[in-house]
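J.:
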Amino acid sequence: MNTSILLEAGTGEVEILEFVVGSKHYGINVIKVKEVLEVSNITKMPGVPPQVLGLTLIRGNVITVIDLKYVLDNIVSSIEREGKKRKTILCEFNKLKVAFDIDDVVRIHRIRWEQIKKPDEISENSLVIGNIVLQDKIILLLDFEKIVTDISPSAGISKNRIEDIEYKDRKDIKIVLAEDSILIKNLLKETLLSAGFEKIKFFDDGKQAFDYLNDLAEAKGERFIEDVNIVITDIEMPQMDGHTFTRKIKEHKFLRKLPVIIFSSLITDDLKHKGESVGANAQVTKPEIGQLVGLIDKYVKEVFEEKVK
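Per the numbering used here, residue 614 is the first one in the sequence shown, and the count goes up by one each step.
#1: Measure the alpha-carbon distance for residue 891 versus residue 832 and round it to whole angstroms.
#2: Pick out the complete beta strand (DSSP E) segments inside the region 758-821, 3 residues or longer, and give them in chain order.
#3: Between the alpha carbons of residue 897 and residue 655, how many angstroms are there, rounded?
#4: Compute the distance between the beta-carbons of residue 712 and residue 760, then report whether it is under 9 Å.
#5: In the DSSP assignment, find the beta strand (DSSP E) that holds residue 649 and state where it starts and stops.
#6: What is the rounded straight-line gap between the Cα of residue 626 and the Cα of residue 756?
#7: Beta carbon of residue 893, beta carbon of residue 906: below 9 Å?
#8: If you run the structure through DSSP and keep just helix, strand and coil, what is residue 700?
#9: Mapping DSSP to helix, strand and coil, what is residue 896?
#10: In the DSSP assignment, find the alpha helix (DSSP H) that holds residue 685 and state where it starts and stops.
#11: Would you say the region 813-824 touches the region 842-852, given that touching needs at least three Cβ pairs under 8 Å?
#12: Leaving out five residues before and five after residue 639 in sequence, what residues of the same chain have Cβ atoms less than 7 Å from its Cβ?
#13: Among the candidates 796, 827, 843, 834, whose CA atom is the shortest distance from the CA of residue 812?
#14: Using DSSP's beta-bridge definition, name the partner residues of residue 827.
#15: Going by beta-carbon coordinates alone, are residue 943 and residue 630 separated by less than 9 Å?
#16: Of all the options 883, 808, 827, which has the alpha carbon lying nearest to the alpha carbon of residue 871?
#17: Considering only the beta carbon of each residue, do residue 686 and residue 700 sit closer than 9 Å?
#18: Please determine, among 650, 705, 778, 665, the residue with the shortest C-alpha to C-alpha distance to residue 804.
#19: May I ask you to report which of helix, strand or coil DSSP gives residue 717?
#20: Verify whether the separation of the beta carbon atoms of residue 848 and residue 879 is less than 9 Å.
#21: Residue 834 by DSSP, collapsed to three states: which one?
#22: Measure the alpha-carbon distance for residue 666 versus residue 677 and round it to whole angstroms.
#23: Does DSSP put residue 865 in a helix, in a strand, or in coil?
#24: If you reduce the DSSP assignment to three classes, tell me which class residue 890 lands in.
#25: Pull up the distance between the alpha-carbon of residue 706 and that of residue 807, whole angstroms please.
#26: Please determine, among 659, 730, 649, the residue with the shortest C-alpha to C-alpha distance to residue 698.
#27: Please report the distance separating the alpha-carbon of residue 790 from that of residue 856.
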């Protein structure tokens, strides 16, 4: 089964692939899915974490297969299922291809981002980043990046990446940052503070951030730039995604001058055109935190030079 990305960026809609593990229904953004396929000949590797089912060969590539039944329910799966092939979702994010072992695929749903509700109580350890209510069932939207980085921390933003960032006096730079993950938000805060930034406003989604910027522009007009110099946004967020957020900024008569950097695990060669189509100034995949800091310096310098003219 092949999946295709049908949606244009910035429409406020998202396609969610619904699948089943055990008795529960889960979801993944189709933008992360390369392919849904059946695999066989999974090779178990010695000394790997129990969440890793093994390795398989897909189109000539050696791919790690993660056992979602173990991750979600702590149930160990057998590699062999009476000779039957296993259903997997092949994904790509954070410059990494990985397959997730599942029980069944249901269908793809096209919904609006505001239909995805954040759980009432969420912590850094939660694997559920959103709930989708469709008719008589709840689809749990999983944090696949966290699943992978819990197994292999080097696949995400790691401490060694933060330690390599040079400190400079950046206290006058004013940043608006939209990110729904508590874990990533804390890592970004730690990183930016250690790099010398002090004035950072955090928002949980694109709607909150855009409402703040829009109110600022209505109150101050072109002088809004006195309060914010650059925007950093994730893509996957409830209420308003990063592509829609970026498009709304770039269509605004005042805010369009504001540099926007999309900082997401979904920046791949196949998907970069989506950020370009909504006017993003730059796009960085989440592990490259050092590159993010360099781009902030670059675009804020251009903003300040424009103000002097």
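Every residue, glycine too, gets a C-beta built ideally from N, C-alpha and C. Predicted model only: the values in this text are computed from it and were never measured.
T.: Here's the rundown:
#1: Answer to the nearest angstrom: the Cα atoms are 25 Å apart.
#2: Fully enclosed beta strand (DSSP E) runs of no fewer than 3 residues occupy 783-791, 810-816 of the region 758-821, in order along the chain.
#3: For the pair residue 897 and residue 655, the Cα-to-Cα distance works out to about 33 Å.
#4: Cβ distance not < 9 Å, so residue 712 and residue 760 don't count as in contact.
#5: In this chain, the beta strand (DSSP E) harbouring residue 649 covers 646-652.
#6: Going by the C-alpha atoms only, they are around 19 Å apart.
#7: Not a contact, by the Cβ cut-off of 9 Å.
#8: Looking at residue 700 - three-state DSSP - the assignment turns out to be strand.
#9: Residue state, collapsed to three classes: strand.
#10: That run of the alpha helix (DSSP H) goes 681-686.
#11: Of all C-beta pairs linking the region 813-824 to the region 842-852, three or more are shorter than 8 Å, placing the two stretches in contact.
#12: Excluding sequence neighbours, residue 639 sits near 632, 752, 753, 755.
#13: Closest in alpha carbon position to residue 812, among 796, 827, 843, 834, is 843.
#14: When beta bridges are read from the DSSP output, residue 827 appears opposite no residue.
#15: Outside the shown range of the chain (614 to 922) lies residue 943, about which nothing can therefore be said.
#16: Closest by alpha carbon: 827.
#17: Not in contact: residue 686 and residue 700 (Cβ atoms no closer than 9 Å).
#18: For residue 804, the nearest C-alpha among the options comes from 778.
#19: Looking at residue 717 - three-state DSSP - the assignment turns out to be strand.
#20: Note that the C-beta distance between residue 848 and residue 879 is below 9 Å.
#21: Under the three-state reduction of DSSP, residue 834 is assigned to helix.
#22: CA-CA distance, residue 666 to residue 677, rounds to 8 Å.
#23: Taken through DSSP and simplified to helix, strand or coil, residue 865 comes out as coil.
#24: DSSP places residue 890 in helix when its eight states are reduced to three.
#25: Roughly 26 Å between the two C-alpha positions.
#26: Minimum Cα-Cα distance from residue 698 among the listed residues 659, 730, 649 corresponds to 649.
#27: The straight-line gap separating the alpha-carbon atoms of residue 790 and residue 856 is approximately 14 Å.
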